[in-house]
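Enquirer: Below is one structure. I have some questions about it.
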Amino acid sequence: MDNNIKISGEREWHKNLWHPFTQIKSSYPPQHIVNANGAILFRENGSPLIDAISSWWVTLHGHSNPYIAKAIFEQAKELEQVIFADFTHSQAERLAERLSKATGLQKLFFSDNGSTAVEVAIKIALQWWYNQGESRQQIIAFTGAYHGDTFGAMSIGERNLFNEPFEDMLFPVNRIPWPETWWGDTTIESREKESIKKLELLLETPTAALILEPLVQGAGGMRMVRPEFLQQLQKIINQSKTLLIADEVMVGFGRTGSLFASKRANISPDLMALSKGLTGGCLPMGVTMASQKIFNNFVEDDPRKTFWHGHSFTANPLGCAAANASLDLLENNPNAYLRFESRHLPHLKKIAQHPKIKRPRLIGTIAAFDLKTDSQDGYLNNAGKAIKRYALKHNVFIRPLGNVIYLLPPLCITDTQLEHCYKVINSSLDEI
Ligand SMILES: Cc1ncc(COP(=O)(O)O)c(C=O)c1O
């Protein structure tokens, strides 16, 4: 255990539950949440808690949003589920039209979560080459990448303690360094050059696709890159006709201050994976957007050229209704994400002066910095645990990634709530 801070309302572990990403031996039992509203989680026996990381980056407009709740309720009375092979429905059609327009990618393929949206993108990319009779199997990914927990997604993600037990069963991927940057970084250009050099070397082998998390690697530590780097990357891979897959599972739907990170970075992926904020974070759903060029190579008489993939809950009407309602909210109030960066800015500037922190960085709704410690930076660094515990005691929920502290709140968080989050983190730095 990290320290002795006691939190009221902490329960024992439930005998029938197995929690995600949790080592029961070294974790505190979970808090029981009875309801939630806006940015606030209400605990069974504790004061209201600010959800400063949008419940694993999904809750976009806030919890229990009445507009989305109503859309789900209305849809549930009409059509709750229908097989999406042989049938279609209005909510799916409307969502496809809107996301095609917003992303510039004409075709939408449904799945259930972020990992499956990525799996679909990889399978489509590989089969696209297969359908043309050209065997391209190399996939290029980045160091520090995280794309989900299914086997394909694990394969392209960074090899680390999360996937070590499966290492021998993951397919090979070639990796280039992710040239992360931060405020006051003076060596970024040389690191970007190094990355590009490695890319050019790898591209000497015909490559099916390059996959990246545009602008921000999430689970890898909220590591941000410059748009110029991504633009340069795109230019280079275009020359070898390598497909570009944008994993926007975390950064999509306004998180980087633009509706999509690819748009802010000014890159044009061939495939895009979306989930998390897609339904406003209310229901699980994933989609993979594909260009018309990609789709056309799957329209063939030869049955082997069909994309034989699908999930039972494909295009679930409730999920589609939630997603359409969430898009309404984004369209009606774009300033909620366009201006979020300026809300973080004064607070992060202040905390950036603190002697215990390094590498402050900010884009859109995502603000992050690293704690200076004597141990190695990374997920296994314990420094963030005490800060998390302190914040919880002071009614703020954060979930540091090792020694990386970040805030990624719902768009609806009030100025007072946001200020409180920064105040608590600031005082935790002084006191711990
Ligand atoms: C960039 C990225 N891709 C994929 C995933 C996997 O999404 P899910 O947890 O919904 O399977 C995540 C989850 O955090 C993610 O951040």
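When the letters of the sequence shown are read in order and numbered with my numbering, they come out as residues 132 to 563.
For each residue, glycine too, the CB sits at the ideal point set by N, CA and C.
Since we're looking at a predicted model, the values are computed, not measured.
(1) Once the 5 residues before and after residue 426 are set aside, which same chain residues still bring their CB inside 8 Å of it?
(2) How many whole angstroms separate the CB atoms of residue 279 and residue 246, which I take to be in contact at a CB cut-off of 8 Å?
(3) I need the DSSP call for residue 194, collapsed to helix, strand or coil.
(4) Is any heavy atom of ligand 1 found at a distance shorter than 7 Å from the C-beta of residue 278?
(5) To the nearest angstrom, how far is the alpha carbon of residue 288 from that of residue 274?
(6) Count the other CB atoms within 10 Å of the CB of residue 527; is the residue buried (16 or more) or exposed (fewer)?
(7) What I want to know is whether the C-beta of residue 344 ends up closer than 7 Å to one or more non-hydrogen atoms of ligand 1.
(8) DSSP three-state call for residue 419: helix, strand or coil?
(9) Ordered along the chain, which non-local residues of its own chain (more than five positions away) have a Cβ less than 6 Å from that of residue 252?
(10) Which residue's Cα is closest to the Cα of residue 145: 160, 151, 172?
(11) If we count the other Cβ atoms within 10 Å of its Cβ and call it buried at 16 or more, is residue 341 buried or exposed?
(12) Which residue's Cα is closest to the Cα of residue 181: 524, 348, 269, 557?
(13) Just to confirm the assignment: which complete alpha helix (DSSP H) runs, minimum length 4, are found wholly within the stretch 449–529?
(14) Between the alpha carbons of residue 545 and residue 172, how many angstroms are there, rounded?
(15) Would you mind giving the Cβ-Cβ distance between residue 491 and residue 479, rounded to the nearest angstrom? I have them listed as a contact below 8 Å.
(16) Helix, strand or coil for residue 357 per DSSP?
(17) Tell me residue 535's beta-bridge partners as DSSP assigns them.
(18) Give a yes or no on whether the C-beta atoms belonging to residue 557 and residue 533 are separated by under 8 Å.
(19) Do the CB positions of residue 310 and residue 356 come within less than 8 Å of each other?
(20) Within the present structure, is the beta-carbon of residue 447 separated from the nearest heavy atom of ligand 1 by less than 7 Å?
(21) Since residue 338 sits in a beta bridge, which residues does DSSP pair it with?
(22) In chain order, what residues of the same chain lie with their CB nearer than 8 Å to the CB of residue 474, ignoring the 5 residues before and after it?
(23) Which residues in the same chain have their Cβ closer than 6 Å to the Cβ of residue 166, if we skip the five residues on either side of it in sequence?
(24) Run through DSSP, which three-state label would residue 397 get?
(25) Counting C-beta neighbours from all protein chains within 10 Å, is the total for residue 132 16 or more, i.e. buried, or is it exposed?
(26) Give the list of continuous alpha helix (DSSP H) stretches no shorter than 4 residues that lie fully inside the stretch 217–241.
(27) For residue 214, does the count of other Cβ atoms within 10 angstroms reach 16, so buried, or fall short, so exposed?
(28) Quick check: the stretch 452–466 against the stretch 433–440, are there 3 or more CB pairs under 8 Å?
(29) Using three-state DSSP, classify residue 322 as helix, strand or coil.
(30) From 397, 149, 305, pick the residue whose C-alpha is nearest to that of residue 335; which is it?
(31) Could you tell me the boundaries of the alpha helix (DSSP H) in which residue 549 lies?
(32) Around the C-beta of residue 314, are 16 or more other C-beta atoms found within 10 angstroms, so that it is buried, or is it exposed?
(33) Tell me whether residue 260 is buried or exposed, calling it buried when 16 or more other Cβ atoms sit within 10 Å of its Cβ.
(34) Please tell me whether residue 361 and residue 398 are closer than 8 Å, where the distance is taken between their beta carbons.
(35) Compute the Euclidean distance between the alpha carbons of residue 158 and residue 559, then round it to the nearest angstrom.
(36) Would you check if the stretch 220–235 and the stretch 483–497 touch, i.e. whether three or more CB-CB distances between them fall below 8 Å?
Expert: Quick answer:
(1) By one-based count along the sequence shown, residue 426 stands at place 295. Closer than 8 Å at Cβ, skipping near neighbours: 237, 238.
(2) Counting from one through the sequence shown, the residue named residue 279 turns up at place 148. Counting from one through the sequence shown, the residue named residue 246 turns up at place 115. Confirmed, Cβ separation roughly 3 Å.
(3) Taking the sequence shown and counting its residues from 1, one reaches residue 194 at position 63. Residue state, collapsed to three classes: strand.
(4) Here residue 278 refers to the residue found at position 147 when the sequence shown is read from its first residue. Yes, Cβ of residue 278 sits closer than 7 Å to a heavy atom of ligand 1.
(5) On the sequence shown, residue 288 is found 157 positions in, with the first residue counted as 1. On the sequence shown, residue 274 is found 143 positions in, with the first residue counted as 1. The alpha-carbon atoms of residue 288 and residue 274 are separated by roughly 8 Å.
(6) Counted from its first residue, the sequence shown places residue 527 at position 396. It counts as buried.
(7) As a first step, residue 344 is located in the sequence shown; it is residue number 213 there, counting from the start. It does: the Cβ of residue 344 is within 7 Å (strictly closer) of some heavy atom of ligand 1.
(8) Position 288 of the sequence shown, counted from the start, is the residue given in the question as residue 419. Strand, per DSSP.
(9) The residue labelled residue 252 in the question sits at position 121 within the sequence shown. For residue 252, where only same-chain residues beyond five positions count, the Cβ hits under 6 Å are 376, 402, 404, 419.
(10) Against the sequence shown, residue 145 aligns to sequence position 14. Ranked by Cα distance from residue 145, the options 160, 151, 172 are led by 160.
(11) Locating residue 341 in the sequence shown gives position 210, counting from the first residue. So residue 341 ends up on the buried side.
(12) As a working note, residue 181 is residue 50 in the sequence shown. Of the residues 524, 348, 269, 557, the one whose Cα lies closest to the Cα of residue 181 is 524.
(13) Qualifying alpha helix (DSSP H) stretches, in chain order: 466–469, 471–482, 514–524.
(14) Along the sequence shown, read from residue 1 onward, the residue named residue 545 stands at position 414. Along the sequence shown, read from residue 1 onward, the residue named residue 172 stands at position 41. Residue 545 and residue 172: Cα-Cα distance of roughly 14 Å.
(15) Here residue 491 corresponds to residue number 360 of the sequence shown, with the count starting at 1. Here residue 479 corresponds to residue number 348 of the sequence shown, with the count starting at 1. About 6 Å separates the beta carbon of residue 491 from that of residue 479, a gap short enough to meet the 8 Å contact definition.
(16) To locate residue 357, count along the sequence shown from 1; it is residue 226. If DSSP states are grouped into helix, strand and coil, residue 357 belongs with coil.
(17) Here residue 535 refers to the residue found at position 404 of the sequence shown. Note: residue 535 sits in a beta bridge opposite 501, 532.
(18) Here residue 557 corresponds to residue number 426 of the sequence shown, with the count starting at 1. Here residue 533 corresponds to residue number 402 of the sequence shown, with the count starting at 1. Taking 8 Å as the Cβ cut-off, residue 557 and residue 533 do not qualify as a contacting pair.
(19) Along the sequence shown, one-based indexing puts residue 310 at 179. Along the sequence shown, one-based indexing puts residue 356 at 225. For residue 310 and residue 356, yes; Cβs fall inside 8 Å.
(20) Against the sequence shown, residue 447 aligns to sequence position 316. Ligand 1 never approaches residue 447 closely enough for any of its heavy atoms to be under 7 Å from the residue's Cβ.
(21) Locating residue 338 in the sequence shown gives position 207, counting from the first residue. DSSP lists 269 as partners of residue 338.
(22) For the purposes of this step, residue 474 is identified with residue 343 of the sequence shown, where counting begins at 1. Excluding sequence positions up to five before and after residue 474, its CB lies within less than 8 Å of the CB of 546, 549, all in the same chain and listed in chain order.
(23) The residue you call residue 166 lines up with position 35 of the sequence shown. If you ignore the 5 residues before and after residue 166, its C-beta comes within less than 6 Å of the C-beta of 173, all in its own chain and listed in chain order.
(24) Walking along the sequence shown from the start, residue 397 turns up at place 266. Reduced to three states, the DSSP call for residue 397 is coil.
(25) Translated into positions along the sequence shown, residue 132 becomes position 1. Reliability of the predicted coordinates at residue 132 is poor, the pLDDT of 43 falling under 50, and the value obtained from them is presented with this limitation in mind. Its Cβ having fewer than 16 others within 10 Å, residue 132 is exposed.
(26) Here the runs fully enclosed are 221–234.
(27) As a working mapping, residue 214 is identified with position 83 in the sequence shown. It is exposed - the Cβ of residue 214 has fewer than 16 other Cβ atoms within 10 Å.
(28) Counting Cβ pairs under 8 Å, fewer than three are found: no touch.
(29) To locate residue 322, count along the sequence shown from 1; it is residue 191. In the three-state DSSP reduction, residue 322 falls in the helix class (H, G or I).
(30) To locate residue 335, count along the sequence shown from 1; it is residue 204. Residue 305 is the option with its Cα nearest to residue 335.
(31) The residue labelled residue 549 in the question sits at position 418 within the sequence shown. Per DSSP, residue 549 belongs to the alpha helix (DSSP H) from 546–562.
(32) Translated into the one-based positions of the sequence shown, residue 314 becomes position 183. The residue in question, residue 314, is exposed, as its Cβ has fewer than 16 Cβ neighbours within 10 Å.
(33) Counted from its first residue, the sequence shown places residue 260 at position 129. Residue 260 sits buried, since 16 or more C-beta atoms from the chains shown fall within 10 Å of its C-beta.
(34) Numbered from its first residue, the sequence shown carries residue 361 at position 230. Numbered from its first residue, the sequence shown carries residue 398 at position 267. Yes, the pair counts as a contact, with Cβ atoms nearer than the cut-off.
(35) Taking the sequence shown and counting its residues from 1, one reaches residue 158 at position 27. Taking the sequence shown and counting its residues from 1, one reaches residue 559 at position 428. If you draw a straight line from the Cα of residue 158 to the Cα of residue 559, it is about 20 Å long.
(36) Between the stretch 483–497 and the stretch 220–235 there are fewer than three C-beta pairs closer than 8 Å, too few to call the two in contact.
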